[in-house]
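Colleague: Numbering (the numbering used here), first residue to last: 2 to 620.
Yeah, the Cβ is synthetic: ideal placement off N, Cα and C, and Gly gets one too.
Quick caveat: nothing in here was measured; it's all calculated off a predicted structure.
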Amino acid sequence: MQFSNTEYNLYPMKGPLPEDVLHRWFGYRTFRPGQKEIITHVLDGRDVLAVIATGGGKSLCYQIPALIREGIGIVISPLIALMKDQVDCLAESGIPAAFLNSTQDIRDRRSIEESIIDGSLRILYVSPERLVQPSFIEFLMSVQVSLFAIDEAHCISQWGHEFRPEYRQLSIIRKTFTDVPIIALTATATPSVRSDIINELSLRDPKVIVGSFNRENLLYRIEKKEDGEQQLVRFLQSHQNESGIVYCFSKRQVTDLAKLLQKNHFSALPYHADLPKTVRHETQDRFLRDEVRIIVATVAFGMGINKPDVRFVVHYDLPKNLEHYYQETGRAGRDGDPAECLLLYSRADFRKIEYLIGQMADGTERMVSTRKLHEMVGYCESRACRRAVLLTYFGESWDHPGCGNCDSCLLGRKTLDGRENLSVIVACMDELRDDYGVSYLADIISGTADERVTARGHDTLVCFGSGRQHRRGLWVYWIRELISCGYLSRYGSRYPVVRKNPRTKKALAGEIPVRIGEPEFQSALPGEPDEDQYSPAENNLYEILRDVRRSIADDLDIPAFRVFPNRTLREMAKTRPGCLEDLRNVYGVGERRLMQYGRLFIKAINEYSDHEVANGRIL
């Protein structure tokens, strides 16, 4: 694999503005929130921890600095599929990038290394296992490295949801390359996980940039699972001819549900780790090309699958934790258009996962997994705004009464004034004069005199039994609900405790309302469909442009969105650029794609406009 500097015209690139690179090579006019700040710090040689929601544009935060800074940008990525997808996308934009992994023979690897040495390669993707090999470290020390980007950085933390021991070895980067900036990126990091990432990577005075976790275009819904198969079929009938993912807990469930959907005339295929690699790759490709609409899968599917127009994600079974849930729902609506996320919840699923966690040999892993599972259940059974609960969990403040785009808000579920409950809980915390967890506080308030309580003499406190008119489980629910709504906070990783926060005082003083959901679980109702926001002419032209895109994609044997995303086609249909210069200003049209595909789209637009004029339509 050899790259030509002349072909890509990337050198010399000393001094270009990030905005220039963004527009020229990626076709975007403006940065998303947080991107410019992150890029600027990396260009200045500073370490950065960037937490950006799925679909928020993490890749550009290291790709643009790698194109501007001298040398080769090294990206550490956990999955071969993820590497390949990124490299393919960069190639479509005309950017010389490559990956090194176990699927390549020695000739391919040597060719890539030669491209690094002669300076024709700008970005290289590697696995953490390869990066820490002494021979590879030695090779990198012989060339100029512009930056290290560690993707999915939450894998380094034992408090995260996808801890991978090999990520711990990445501390060698800072020890060996003392002057090279490191950017660690993740979409799902709680405050404790962020701290662990910084410590384990030995980041130097890092700039920590946490973007909003709020995906405004996603509708969150939870239904009590009663007749799961029929509930799923009814839901999919409301999303005919749309792309989506259905997540299941087990491989057997995946197989059975895929057959059920096929029987009901849905375009669906199964995906799980036990399927042959060739079958999995073919399934992925067919999904990306819209040849199949629905993938029924385990959590093995999704990471590295960049399909912007996924319109729904269904969790047929309970996710193990909120990080998984957030990450998986985040695969919907990456193009910014409305998308729906449905979770079918049952206590039976909870007990099944709880049992499997109990079989874990590692005590720390078992403890962390149990806590995260209970937080997941708390989210499902909360009556609070779904978005508020998610954002609070990831450390983002939410001061709105509701989001208007989740089942709790849309259904107007019953709430109650939680100020009195909060007062009882805070009085207990003050009398204890030390930090305790949710369960222990519920024990004290409900008057549950177990061995822990009596051994500490806490059964003699004034607050002991102060809320005994309500059962213990109800106090557990209320404490969690108040945490979810931001009136109290949870701190700590290993043994999390409940503490007051600035909103606690305001709530008790009556300065802000304290509304929490009633403790009952109801089935959610389907949301109302959005009104069509495009004119008939725009929709007609959009479909024509989709046909043009499909024809190009088929000829090149690539997914359609790699030609242009839906948003770009929508903007073409609305603005109707009449020449290449006009098309250059459309969202998502970079220099390479403009030259490669632009004339075909301009021709289609002009032909459609001429047809409308000929038929007496005023444009």
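1. Looking at C-beta atoms only, is the number of pairs between the segment 261-268 and the segment 349-360 that lie closer than 8 Å three or more?
2. So, helix, strand or coil for Pro13, using DSSP?
3. If I measure Cβ to Cβ from Ser485 and keep anything under 8 Å in the same chain, skipping five residues before and after, which residues do I get?
4. Is it the case that the Cβ atoms of Val477 and Val439 are separated by a distance below 8 Å?
5. DSSP three-state call for Cys386: helix, strand or coil?
6. Which of the three DSSP states, helix, strand or coil, is assigned to Asp418?
7. So Pro271 packs on Val255, CB below 8 Å; how close in whole Å?
8. Tell me the DSSP secondary structure of Pro320 in three-state form.
9. Using only the alpha-carbon positions, how far apart do Val297 and His316 sit?
10. Please state whether the Cβ-Cβ distance between Cys342 and Leu233 is less than 8 Å.
11. Taking contact to mean at least 3 C-beta pairs separated by less than 8 Å, is the segment 205-222 in contact with the segment 28-43?
12. Smallest Cα separation from Ile517: which of Arg70, Gly419, Phe137?
13. Does DSSP put Tyr326 in a helix, a strand or coil?
14. Measuring CB to CB, does Tyr543 end up less than 8 Å from Val499?
15. For Tyr598 versus Ile553, is the C-beta distance shorter than 8 Å?
16. Assuming Ala301 and His282 form a contact by the criterion Cβ under 8 Å, report the distance between their Cβ atoms to the nearest whole angstrom.
17. Comparing the CB of Gly403 with every heavy atom of the ligand FMN, is any distance shorter than 7 Å?
18. Tell me the DSSP secondary structure of Pro271 in three-state form.
19. Tell me which same chain residues have a C-beta within less than 7 Å of the C-beta of Lys85, skipping the five on either side of it?
20. Using the three-state DSSP reduction, which class does Cys429 fall into: helix, strand or coil?
21. Under a Cβ-count criterion, where at least 16 other Cβ atoms within 10 Å of its own Cβ denotes burial, should Leu204 be classed as buried or exposed?
22. Which whole-angstrom value is the C-beta distance of Val52 and Arg195, which I expect to be below 8 Å?
23. Label Lys604 either buried or exposed according to how many other C-beta atoms from any shown protein chain fall within 10 Å of its C-beta, with 16 as the threshold for buried.
24. Which residue from Arg110, Asp286, Arg123 puts its Cα closest to that of Gln64?
25. If you follow the alpha helix (DSSP H) that Tyr29 is part of, which residue opens it and which one closes it?
26. For Tyr492, which residues from the same chain have a beta carbon less than 6 Å from its beta carbon, with the 5 sequence-adjacent residues on both sides left out?
27. Using 10 angstroms around the beta-carbon of Leu202, count the other beta-carbons present and answer buried if the total reaches 16, otherwise exposed.
28. Taking C-beta to C-beta, are Asn144 and Ile117 nearer than 8 Å?
29. Is it buried or exposed, Thr31, if we count other Cβ atoms within 10 angstroms and call 16 or more buried?
30. Below 8 Å on the Cβ atoms is my contact criterion, and I expect Ile40 with Pro17 to pass it. Report the Cβ-Cβ distance as a whole number of Å.
31. State yes or no: is the C-beta of Ala269 within less than 8 Å of the C-beta of Ile295?
32. Can you name, in chain order, every residue of its own chain whose Cβ lies under 7 Å from the Cβ of Met14, other than the five neighbours on each side?
33. What residue range does the alpha helix (DSSP H) around Glu93 cover?
34. If the criterion is Cβ atoms closer than 8 Å, does the pair Thr299 and Cys249 meet it?
35. Taking the alpha carbon of Gly466 as the reference point, which residue from Val564, Ile426, Asn200, Leu237 has its own alpha carbon closest?
36. Rounding to the nearest angstrom, what Cα-Cα distance links His471 and Leu442 in this structure?
Modeller: So, from the data block:
1. no
2. Because Pro13 sits at a pLDDT of 42, beneath the cut-off of 50, its placement in the model cannot be relied upon, and the following sentence gives the value as read from the coordinates. Coil, per DSSP.
3. Gly379, Tyr380, Ser383, Ala385, Ala389, Val390, Thr393, Tyr394
4. In this structure, Val477 sits near Val439, with a CB-CB distance shorter than 8 Å.
5. coil
6. Under the three-state reduction of DSSP, Asp418 is assigned to strand.
7. Contact flag correct, Cβ pair sits at about 5 Å.
8. DSSP places Pro320 in coil when its eight states are reduced to three.
9. 10 Å
10. no
11. yes
12. Gly419
13. helix
14. no
15. yes
16. Not a contact, Cβ separation roughly 13 Å.
17. With respect to small molecules bound, the structure shown includes none, and the ligand FMN cannot be examined in it.
18. strand
19. Hits under 7 Å: Phe100.
20. helix
21. buried
22. 7 Å
23. exposed
24. Arg123
25. Tyr29 -> no alpha helix (DSSP H), and no H or E assigned at all.
26. By the criterion of a C-beta distance shorter than 6 Å, Tyr492 is surrounded in its chain by Val498, Arg500, once the five residues flanking it on both sides are discounted.
27. buried
28. The amino acid occupying residue 144 in the given sequence is Val; Asn does not appear at that position. It is a contact, given that the beta carbons lie within the stated cut-off.
29. Answer is exposed; the Cβ neighbour count stays below 16.
30. 12 Å between Cβ atoms; not a contact.
31. yes
32. Since pLDDT at Met14 reaches only 45, below the 50 mark, its modelled position is unreliable, and no value is offered.
33. 81-93
34. yes
35. Ile426
36. 14 Å
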